[in-house]
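Colleague: Pasting in a structure now, in structure tokens, and then I'll have a few things to ask.
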Amino acid sequence: MVSSALCKLLRKNIPQENIINVNIGAELITIRIRLNENNDLYWLKDSSINPKTVWGIEHNDYDQKSKDALNTLGIRRCKIIKNPFRLFAFKKYSSDSTCRYLTIGVMDSLKIACRILRLTLSALLWNEFGWIQSKKATYVLGTSLWESIYKQLNIRIFWSMHDIDPNKLVKAQAIENLGGLYIGSHWSNHPMCRVDVQKCYDVLFAWGAHFEHDLYRGFPYMAVFQVGYPSDFYFEEKRASALKISNKYPGKFIVSFQDNIMACDLMYSKNMHLQIYKIFLSIIENNPNFILFLKPKYKWTFDKILLELPELQQTIDKGRVEVFLGDTTWTKAVPATVGMASHLVIGLGISSAAAECFFAGTVAFHADFTGFERNTFAQEGLNKIVFRDVESLEHAIYRQIEGEGVTVEECKPYYESLDSFQDGKAYIRTGYTIKRLQEKLQTGYSRENAVKQVKDDYQQYLTTFLALPN
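Listed below in structure tokens is the structure:
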């Protein structure tokens, strides 16, 4: 309703005869679709975007609940078959009549066939030139595939939330070739920017200033819109579940630990996890009123920890530790639910899950054992909400238990660089802005002018938005 009111205030009537067909493509990359959990279409609600102009590009074989959720939204659904020779088989044996299967168009294939053949033959040369030609062939083929898909579906705005996407450059090139826009946001709060996690959008929807001016500052975006944390829309719905969990432990001080990815060649090692678990085991032994909640990212990594620390399993059996796992192998418990049931949250690294818990209303610390110093958020919060060694982290936890630690209000200035709004309405700001970009392209604006116009209007929108009652 708020978004609709703002649209009436800020949007001019558009003559229908001047409308150009501009559809929005949205990559659906989550393992399943639940509208009260993380999903790639969180911005569609209350956006005034016609759902029939939205194509969901599916990457997974969804369960029936996911299909029902997508059909409830009213969007159109599509799967891309990269190998054209498999298209007939998919159409023949698929029982999902609500999903369209697409591959590169015949004419588009013929247009690039000679070029691909020439590049491929050059790639047979066993030298640097041949290697470069093979990469060119891959790039040309990938760009042509996505450009063909965009044309077939009239997509001129392509939305993605991929944290790591090896095909991001061809998707961006393809939509640029058609005068469209590659846009998106991010689920993660990475401790540092790497090539594999770099967002190569035309338009970035960032949580807050830290991401615009620090983490993603090295890419020449056409515009960056600070909109807030994308998953804050489900906090209020999860609050009752969190209260039910915490009520099981009256009079106890509850700490929840949100772990991270774990591998020898990644920034978060098994040893980092073990260091934190040993802190918790020590506190459990010395404090009978201490309860530990664990929200593992993946069950298989948690099983590795249990093999290393059999005493942890013993504390679980005694009821001093409760573990919250997802209901499938590749799903996770909702961080905010576990966090809201706790008095304190600890996240390993510069943790997205810990940040979510803080935005939901719980004091959250980051065990930044990586020690990366080129992170403004970490540096400003050092020894306040960010800790880089076992001793300082353990001391801070004890201060919270003893009632001498920091409050949510005291932590808020440090988290404002991640999300200056913290109001549960990131989806409204995101949906409104996407709608405005769609309108500008529909009325014939070039992609450059469309972005400039919407960017110029955004501050006025925020002023009006913040003045409205909640």
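This note's numbering numbers the first residue of the sequence shown as 396 and each following residue consecutively.
Glycine is no exception: its CB is placed at the ideal position from the N, C-alpha and C atoms.
Note that the structure is a prediction, hence the values are computed from the model and not measured.
1) Give every residue of the same chain whose Cβ lies closer than 8 Å to the Cβ of Cys402, excluding the five residues on either side of it in the sequence, and list them in chain order.
2) Is Gln670 near the ligand NAP, judged by its Cβ being under 8 Å from some heavy atom?
3) Could you tell me the boundaries of the alpha helix (DSSP H) in which Gln528 lies?
4) Looking only at DSSP bridge pairs, what is Ser555 linked to?
5) Just verifying my parser: in three-state terms, what is the DSSP assignment at Val740?
6) On the DSSP bridge list, what partners appear for Phe685?
7) Helix or strand or just coil, what does DSSP make of Val619?
8) Lys403 by DSSP, collapsed to three states: which one?
9) Measure the alpha-carbon distance for Ser398 versus Phe816 and round it to whole angstroms.
10) Taking a contact to mean a Cβ-Cβ separation below 9 Å, would you say Ile686 touches Glu717 in this structure?
11) Tell me the residue span of the alpha helix (DSSP H) that contains Ala755.
12) Count the other C-beta atoms from every protein chain shown that fall within 10 angstroms of the C-beta of Val849, then say buried if there are 16 or more, exposed otherwise.
13) Please classify Arg783: does DSSP put it in a helix, a strand, or coil?
14) Do Pro625 and Phe600 come within 9 Å of each other at the CB atom, strictly closer than that value?
15) Considering Arg495, what are the terminal residues of the beta strand (DSSP E) in which it resides?
16) By Cβ distance below 8 Å, which residues in the same chain neighbour Glu768 in space, the five residues on each side in sequence not counted?
17) Closest by CA to Ala421, which one among His738, Ile578, Arg794, Phe760?
18) When you compare only the Cα positions, how much space is there between Thr858 and Glu680?
19) Work out the CA separation of Ala618 and Lys847 for me, nearest whole Å.
20) For His455, I'd like the list of residues in its chain whose CB is within less than 7 Å of its CB, leaving aside the five on either flank, ordered along the chain.
21) Ile476 and Thr498 - do their beta-carbons sit closer together than 9 Å?
22) By a C-beta neighbour count over all protein chains shown, 10 Å radius and 16 as the cutoff for buried, is Glu834 buried or exposed?
23) Are three or more beta carbon pairs between the region 624–643 and the region 791–800 nearer than 8 Å?
24) Just the C-alpha distance for Tyr457 and Leu465, rounded to the nearest angstrom, thanks.
25) Given this structure, state the Cα-to-Cα distance separating His761 from Ile570, to the nearest angstrom.
26) Just to confirm my understanding: we take Glu453, look at its own chain, exclude 5 residues before and 5 after, and list those with CB closer than 8 Å. What are they?
27) Apart from the five residues just before and just after Ser664, which ones in its own chain have a Cβ nearer than 8 Å to its Cβ?
28) Let's see if you can read the secondary structure: which residues bound the alpha helix (DSSP H) around Arg634?
29) On the DSSP letters alone, give me the boundaries of the alpha helix (DSSP H) that Val803 sits inside.
30) Less than 8 Å between the CB atoms is what I'm expecting for Gly753 and Cys806, so what's the real figure, rounded?
31) Ends of the beta strand (DSSP E) at Lys594?
32) Just mark Ser580 as buried or exposed, buried being the case when its beta carbon has 16 or more other beta carbons within 10 Å.
33) Is Asn434 helix, strand or coil by DSSP?
34) If you run the structure through DSSP and keep just helix, strand and coil, what is Glu797?
35) Do you know how far the Cα of Lys563 is from the Cα of Glu432?
36) Would you report the Cα separation of Gln854 and Glu811, rounded to the nearest angstrom?
Modeller: Once the coordinates are examined:
1) At Cys402, the pLDDT of 45 sits below 50, so the modelled position is not reliable; the number obtained from the coordinates is stated separately. Correct list, in chain order: Ser443, Tyr827, Lys830.
2) As for the ligand NAP, it is missing from this structure, which has no ligand bound.
3) 523–548
4) Gly579
5) strand
6) Phe648
7) strand
8) In this prediction, Lys403 has a pLDDT of 41, which is less than 50 and means its spatial position is unreliable; what the coordinates show is noted afterwards. The answer is helix: DSSP assigns Lys403 an H, G or I state.
9) Confidence is the limiting factor: at Ser398 the pLDDT is only 42, short of 50, which leaves the residue's position unreliable, though a coordinate-based value still follows. So the alpha carbons of these two residues sit roughly 16 Å apart.
10) yes
11) Looking at the DSSP string, Ala755 is not in any alpha helix (DSSP H), and its letter there is neither H nor E.
12) buried
13) coil
14) yes
15) 494–497
16) Gln774
17) Ile578
18) 52 Å
19) 8 Å
20) Note that residue 455 is Asn in the sequence shown here, rather than His. Cβ within range, chain order: Ile426.
21) yes
22) buried
23) no
24) 10 Å
25) 38 Å
26) Leu423, Arg472, Cys473, Lys474, Cys494
27) Met657, Ala658
28) 630–641
29) 803–810
30) Checking the sequence shown, residue 753 turns out to be Phe, not Gly. Sure, about 7 Å apart at Cβ, within 8 Å.
31) No beta strand (DSSP E) holds Lys594; DSSP gives it neither H nor E.
32) buried
33) coil
34) coil
35) 25 Å
36) 18 Å
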